[in-house]
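Here the structure is laid out as structure tokens; the discussion comes afterwards.
Residue numbers (UniProt numbering): 1 to 156.
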């Protein structure tokens, strides 16, 4: 399995993966809208030896605070779930990210990768803080105080 940046030729397979992983088209539409709106910071895929995409991850520019990112979405093909592929992509993304990253999801899952619900406690978010976690490449002092503004396609 190889982790690599997504390319335009991957967009169709990524959309199919997202639809299969989430059992609905919403995330595929979100990713397309983020690309069209120039909000996408980086996209990665994890492909098998046949170059079949088994997992996908995106980092999206936050509108505010500048220099922050949203980790969304992370998806693994249904037949490959539970094998740690999503975790491999998360580690790869966090190894190169240069700013704080916000994620919405299961805190028990994301804290394994260095995300903290406690560090997100002072954030003002359009989403519930109990499912908001923050990763900081170099945390300092008190948890940051910031208002989160997501890219328009998120609808928040």
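Ideal placement from N, C-alpha and C gives every residue a C-beta, glycine not left out. Quick caveat, the model's predicted, so the values are computed rather than measured.
How is the alpha helix (DSSP H) around residue 11 delimited, first residue to last? Its alpha helix (DSSP H) spans residues 11–22.
Going by other Cβ atoms of all chains shown within 10 Å of its Cβ, with 16 needed for buried, is residue 145 buried or exposed? By the 16-neighbour rule on beta-carbons within 10 angstroms, residue 145 is exposed.
Identify every run of the alpha helix (DSSP H) within the UniProt domain "N-acetyltransferase" (1–141), keeping only runs that are complete inside it and at least 4 residues long; order them along the chain. The UniProt domain "N-acetyltransferase" (1–141) contains these whole alpha helix (DSSP H) runs: 11–22, 26–36, 85–96, 107–110.
Return the residue from the list 13, 17, 120, 51 that minimises the CA-CA distance to residue 104. Selected option, being the one with the closest Cα: 120.
What's the gap between the Cα of residue 86 and the Cα of residue 99? Between the alpha carbons of residue 86 and residue 99 lies a distance of about 20 Å.
CA-CA distance, residue 84 and residue 94? Spanning the two alpha carbons is a distance of roughly 15 Å.
Cβ-Cβ distance between residue 149 and residue 51 below 8 Å: Note that the C-beta distance between residue 149 and residue 51 is not below 8 Å.
Decide if the segment 129–142 is in contact with the segment 13–29; the criterion is three or more beta carbon pairs, one per stretch, under 8 Å apart. Below 8 Å, too few C-beta pairs join the segment 129–142 and the segment 13–29 to call them touching: fewer than three.
Separation of residue 142 from residue 9, as counted between CA atoms: Residue 9 and residue 142 have their C-alpha atoms spaced approximately 43 Å apart.
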